[in-house]
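Just add 17 to the spot in the sequence shown (first one is 1) and you have the working numbering.
What follows is one structure encoded as structure tokens, with my remarks underneath.
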Amino acid sequence: MAVLLEKTEQKLNTDLEQEKQRLYGYWKNSRMISNDSVLDAFLEVPRELFVERSFRDESYADHPLPIF
Numbered sequence: 018m019a020v021l022l023e024k025t026e027q028k029l030n031t032d033l034e035q036e037k038q039r040l041y042g043y044w045k046n047s048r049m050i051s052n053d054s055v056l057d058a059f060l061e062v063p064r065e066l067f068v069e070r071s072f073r074d075e076s077y078a079d080h081p082l083p084i085f
């Protein structure tokens, strides 16, 4: 059971990293955010730690989420 939970957590982390990279690329290419320091901070700060667990899979969706 613990192995299954660990694999599920690893999959979620991989998915979140892919979504983070996708959103970063969108913002950078569209020039919606032109400040490189802001873009760098986006890559460094794990957004999923600031939302309720039930919203974790939406951490990198480009819409508002409730935060702690």
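C-beta atoms are modelled at their ideal positions from N, C-alpha and C, and glycine is treated no differently.
The structure presented is a predicted model; accordingly, all values stated were derived computationally and were not measured.
{"Asked": "Give the secondary structure of Val68 by DSSP, where H, G and I count as helix, E and B as strand, and everything else as coil.", "Found": "strand"}
{"Asked": "How many angstroms separate the CA atom of Arg48 from the CA atom of Ala58?", "Found": "16 Å"}
{"Asked": "According to the Cβ coordinates, are Ser76 and Lys45 closer than 9 Å?", "Found": "no"}
{"Asked": "Which partner residues of Ile50 appear in the DSSP bridge assignment?", "Found": "None; Ile50 has no bridge partner."}
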